[in-house]
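Heads up, the thing below is written out as structure tokens.
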Amino acid sequence: MTGHLVSVLNGLAMGSLLFAIALGLSLVFGMMDVLNLAHGAVYLVGAYVAVALVADGAGLGAFVLAVLLAAGLGALLGGVLAGLTRATPHHLDQALLTLGVSLVVAELLSIFFGNDVHSIAAPAPVAGSVVVFGETYPVYRLLVIGFGVVLAVAVYVLVERSVLGSVIRATVADRSMVSALGINTGRVLVGVFAAGAALAAVGGVLAGPILGAQPGLDEKVLLLALVVVVIGGLGSVRGALLGAVLIGQVQALGTSLLPEYASFLIFAAMGLVLLLRPAGLLPTGGAVRA
41 MTGHLVSVLN GLAMGSLLFA IALGLSLVFG MMDVLNLAHG AVYLVGAYVA
91 VALVADGAGL GAFVLAVLLA AGLGALLGGV LAGLTRATPH HLDQALLTLG
141 VSLVVAELLS IFFGNDVHSI AAPAPVAGSV VVFGETYPVY RLLVIGFGVV
191 LAVAVYVLVE RSVLGSVIRA TVADRSMVSA LGINTGRVLV GVFAAGAALA
241 AVGGVLAGPI LGAQPGLDEK VLLLALVVVV IGGLGSVRGA LLGAVLIGQV
291 QALGTSLLPE YASFLIFAAM GLVLLLRPAG LLPTGGAVRA
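In my numbering, the protein residues as written are 41 to 330.
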């Protein structure tokens, strides 16, 4: 394992990014019963925000600005998508609608930024490397791993230990009862949709120095996020975290050990999990759980 330490760390970094992206997708489906196929396009918006502001390298302040701007744009897109999908209660209609939005957003990004592959430099203060157990590893990727840990703890506290989390869980369990208490459940649902989309856009900025930005990346990221959600269990926060870490490791170690089968291994892992646990590793039983 020591010889593959870099691959393991790469898997943790990728898992942290996938967790941020898949979390919103999982919560939106678990709470609102909406399959948002525009989630990858929202991620791509964040990636191109990074291209516009920090592509050639910038200070930490400019990178933080890119994160905040991406979060705002993601939340705005999430709010728009929440409004659009409320008028289309059927899953097929929702899938077609969000897929159409995804295609429009991706085409607009191609018009503005072209079809080239854009590389994005890490912020100058964290662009170096450090030695970890005898192996040289980028500081930025270690920070991405740390971001994943902080996000997991923050979401756990929010969902399980806060008043807002109680309202969210109650809305999932019995929306009509929560409405009878005078709480605007529509705002709660739109807020969750916006927050999930904001996380996807932030994931696009954070993934920029690792994956870059290019047309078609939204489809790849959406596919990985869907795999994470299916493996972890729909609507489960802990499931999204576990699924993201698992897929991150399968992808990183698969690329290192069996590069010709790396893509196959991801779907093989999903198939094996579904064969043994059809509802996912940590299913919610109908409610959002951390």
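Glycine is no exception: its CB is placed at the ideal position from the N, C-alpha and C atoms.
(1) Assess, as a yes-or-no matter, whether the region 71-78 is touched by the region 131-151 under the definition of 3 or more beta carbon pairs within less than 8 Å.
(2) I'd like to check one pair, Val-184 with Leu-246: are the Cβ atoms closer than 9 Å?
(3) Starting from the Cα of Gly-30, find the closest Cα among Asp-258, Ala-122, Arg-317 and Gly-118 and give me that residue.
(4) Could you check which residue in Leu-49, Phe-152, Leu-117 and Pro-129 has the C-alpha nearest to that of Val-170?
(5) Specify, as a first and last residue, the run of the alpha helix (DSSP H) that Pro-178 falls within.
(6) Starting from Ala-280, follow its DSSP beta bridges and name the residues at the other end.
(7) When you compare the region 112-120 with the region 227-237, are there three or more beta-carbon pairs, one atom per stretch, that lie closer than 8 Å?
(8) What does DSSP give as the partner residue(s) for Val-170 in the beta ladder?
(9) For Ser-150, collect the residues of the same chain with a Cβ closer than 7 Å to its Cβ; drop the 5 residues on either side in sequence, then sort them by chain order.
(10) Can you grab the Cα-Cα spacing for the pair Gly-326 / Val-107, in whole Å?
(11) Taking only the alpha-carbon atoms, compute the straight-line gap between Val-68 and Asp-258 and give it to the nearest angstrom.
(12) When the distance is taken between beta carbons, is Gly-188 closer than 9 Å to Leu-52?
(13) Would you check if the distance between the CB atom of Leu-305 and the CB atom of Val-313 is smaller than 9 Å?
(14) Any contact of the region 97-104 with the region 270-279, i.e. 3+ C-beta pairs under 8 Å?
(15) As a quick exercise: from Leu-297, Leu-298, Leu-263 and Thr-295, pick the residue whose alpha carbon is nearest that of Met-310.
(16) Could you confirm whether any beta carbon from chain C is found closer than 9 Å to the beta carbon of Leu-286?
(17) Within 10 angstroms of its Cβ, does Val-197 collect 16 or more other Cβ (buried), or is it exposed?
(18) Which same chain residues end up closer than 8 Å to Ala-60 when comparing Cβ atoms and leaving out the 5 residues on each side of it in sequence?
(19) Would you mind stating whether Ala-95 and Ala-164 have Cβ atoms separated by less than 9 Å?
(20) In the DSSP assignment, the alpha helix (DSSP H) including Val-85 goes from what residue to what residue?
(21) Would Val-193 and Ala-62 qualify as a contact pair, given that the criterion is a beta-carbon distance under 9 Å?
(22) Return the Cβ separation of Met-54 and Ala-213 in integer angstroms, given the expectation that the two are a contact with Cβ distance under 8 Å.
(23) Can you grab the Cα-Cα spacing for the pair Ser-159 / Pro-178, in whole Å?
(24) Helix, strand or coil for Ala-265? Go by DSSP, reduced to three states.
Looking at the atomic coordinates:
(1) They touch, by the three-pair rule.
(2) Yes. Within cutoff.
(3) Only positions 41 to 330 of the chain appear in the structure, and residue 30 is not among them; the question remains open.
(4) For Val-170, the closest of Leu-49, Phe-152, Leu-117 and Pro-129 by C-alpha to C-alpha distance is Leu-49.
(5) It is not in any alpha helix (DSSP H) - Pro-178 instead sits in the beta strand (DSSP E) that spans 175-178.
(6) For Ala-280, which the question treats as bridged, DSSP gives no partner whatsoever.
(7) These segments touch.
(8) Per DSSP, the beta-bridge partners of Val-170 are Tyr-177.
(9) Answer for Ser-150: Pro-255, listed in chain order.
(10) With a pLDDT of 49 at Gly-326, under the threshold of 50, the predicted position of this residue should be treated as unreliable, and no value is reported.
(11) Computed Cα separation, rounded: 18 Å.
(12) Between Leu-52 and Gly-188, the C-beta gap is smaller than 9 Å, which places the two residues in contact.
(13) No, they are not a contact pair.
(14) As far as the Cβ criterion goes, the region 97-104 does not touch the region 270-279, which means the pair count is below three.
(15) Ranked by Cα distance from Met-310, the first of Leu-297, Leu-298, Leu-263 and Thr-295 is Leu-263.
(16) The chain labelled as chain C is not found in the depicted structure, where only one protein chain is given.
(17) With fewer than 16 neighbouring CB atoms inside 10 Å of its own CB, Val-197 falls in the exposed class.
(18) Excluding residues within five positions, the ones whose Cβ falls inside 8 Å are Phe-187, Gly-188, Leu-191, Leu-239, Ala-240, Val-242, Gly-243 and Leu-246.
(19) No. Outside cutoff.
(20) Element bounds for Val-85: 79-94.
(21) Between Val-193 and Ala-62, the C-beta spacing is not below 9 Å.
(22) Ala-213 and Met-54 do not touch by the CB rule: their CB atoms are close to 33 Å apart, not below 8 Å.
(23) Taking the straight line from one Cα to the other gives about 16 Å.
(24) In the structure shown, Ala-265 sits in a helix (DSSP, three-state: H, G or I).
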